[in-house]
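Notes for the one structure printed next.
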Amino acid sequence: MRDLTAQALDVAKKLGASYADIRVVDKKQESVRTRNGNVESLGSSRSRGFGVRVLYDGAWGFSSSARVTEEEVRRVAEEAVSIAKASATVKREKDVVLAPAKPVTAKWESKCEIDPFSVKVEDKIALLMEADRLMRQNKGVRVASGNIMALREEKIFASTEGSYIEQVKTETGAGIEATAADKGELQRRSYPNSAGGDFASKGWEFVESMNILDHAERVGNEAVQLLTAKQCPDVVTDLILDSSQLTLQIHESCGHPIELDRVLGQEASYAGTSFLTPEKKGTFQYGSPNVNIVADATIDGGLGSFGFDDEGVPAQRTTIVDKGIFMNYLSSRDTAAELGETSSGAARADSWSRIPIVRMTNINLEPGDWTLDEIIKDTKEGILMETNKSWSIDDKRLNFQFGVEMAY
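For the sequence shown, the numbering used here assigns the number 12 to the initial residue and increments by one for each residue that follows.
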């Protein structure tokens, strides 16, 4: 593979590119879905290809292909340069400049104790079927569903600056959901989270740790209980958020606003811009002095964890909010350069056929030293909200509304 990546970079340089990189990606995925005692779907897929990105006269060019051959690598590199040259003729703003980054030669692999692809499909189906049976023991449950998914991505990155990086990342997860209905009312309950469950950069051991069967009967019962539960009071009060709700809230209202391409207006067409404009850095009061938020791509098992981003920049832990004050953005090499900074290592592409953009890593609200019971005891009046159900954010990621499956 080194010969192929080197060829792409050599072609780009000979055609005048000031910088070029190539990503070769091989991704496979396996999924199982069940519904009311039946296998709803069983899927296995593989996607393999490469993308070449070049910088010519201060403008980007990108091209990709699913044919990983010597001839195709040359053609795609030539096309990427051609696109960059065309882009350079219609630049409306200043040239693209890359923040400095050290060349890296490395290998990285996420931890995986039990290969999820080695677990028999029959065993995965059996697990979901038993969870399905337990949820539907309560006759008020109209729909019981479950899913298991495993994904593995093998990636090679090489650049004209001398980097050559090989990475392997495995992701595994599962979830179950019960839907109850009666007299025009419909409620659902899920475990361990909504929207398909929970996932991690781990192997099958992560699914085992969920102990899904220990929670399936409860999930079904709670879905039915919600049909006759009291309506949430229409009051202004204190809220205590459980981890599943807090996760999404931090993601939407604290993670997306710090993506620097969004801040600079480059990502406005997809989920809006950001209220965290550059003059707020280091001064904006994001929360109380007890609020500390970090972006950490080095956490074992995090979905936003990796060894190096798709520009070859090492994974980092970045302080986002320190004692309530907004401090830093997530950035790529070109966006960081606009602020005179180095990249925070957050440029990632969704596929070999897509260019890298700033995508959040693991965004975490740092914990305090109180237990949940202590927080509840200290809250004279309020609502405990559990498991996200719905959300809506404005186009500056400032105002929001969230709903949950269950509250107390």
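From the three backbone atoms N, C-alpha and C, an ideal C-beta is built for every residue, glycine too.
So what's residue i in DSSP terms, helix, strand or just coil?
i           : result
residue 126 : coil
residue 27  : coil
residue 54  : strand
residue 199 : strand
residue 324 : coil
residue 346 : helix
residue 223 : helix
residue 80  : coil
residue 233 : helix
residue 310 : coil
residue 365 : coil
residue 402 : strand
residue 16  : helix
residue 3   : Only positions 12 to 419 of the chain appear in this structure, which leaves residue 3 out of reach.
residue 397 : strand
residue 228 : helix
residue 376 : strand
residue 180 : strand
residue 392 : coil
Verify whether the separation of the beta carbon atoms of residue i and residue j is less than 8 Å.
i           : j           : result
residue 19  : residue 92  : no
residue 61  : residue 33  : yes
residue 344 : residue 109 : yes
residue 398 : residue 416 : yes
residue 5   : residue 58  : Past the boundaries of the shown model lies residue 5; the chain is included only from 12 to 419, so the question cannot be answered.
residue 125 : residue 43  : no
residue 298 : residue 266 : no
residue 151 : residue 181 : no
residue 347 : residue 355 : yes
residue 133 : residue 224 : no
residue 15  : residue 81  : yes
My guess is that residue i and residue j are in contact by the Cβ rule of under 8 Å, so how many angstroms apart are they, rounded?
i           : j           : result
residue 341 : residue 360 : Residue 341 to residue 360, Cβ: 15 Å. No contact.
residue 260 : residue 250 : So it is not a contact: roughly 10 Å between Cβ atoms.
residue 204 : residue 255 : 5 Å
residue 269 : residue 331 : 6 Å
residue 35  : residue 167 : 4 Å
residue 218 : residue 183 : 6 Å
Do the stretch 89–109 and the stretch 49–68 touch if we need at least three Cβ pairs shorter than 8 Å? yes
Check whether the stretch 187–200 touches the stretch 144–159, counting contact only when three or more Cβ pairs, one atom from each stretch, lie closer than 8 Å. yes
Do the stretch 313–326 and the stretch 370–378 meet, that is, are 3 or more Cβ pairs less than 8 Å apart? Verdict: yes, contact present.
Let me know the beta strand (DSSP E) ranges lying completely inside the stretch 235–289, each 3 residues or longer, listed in chain order. With a minimum length of 3 residues, the continuous beta strand (DSSP E) runs that stay inside the stretch 235–289 are 249–252.
Mind the definition here: the stretch 103–121 touches the stretch 166–179 only if three or more C-beta pairs lie below 8 Å; say whether that holds. yes
Only counting runs of 4 or more residues, tell me where the alpha helix (DSSP H) segments fall wholly within the stretch 83–171, in order along the chain. The stretch 83–171 contains these whole alpha helix (DSSP H) runs: 132–146.
Sufficient close CB pairs (3 or more, under 8 Å) joining the stretch 228–235 to the stretch 140–151: yes
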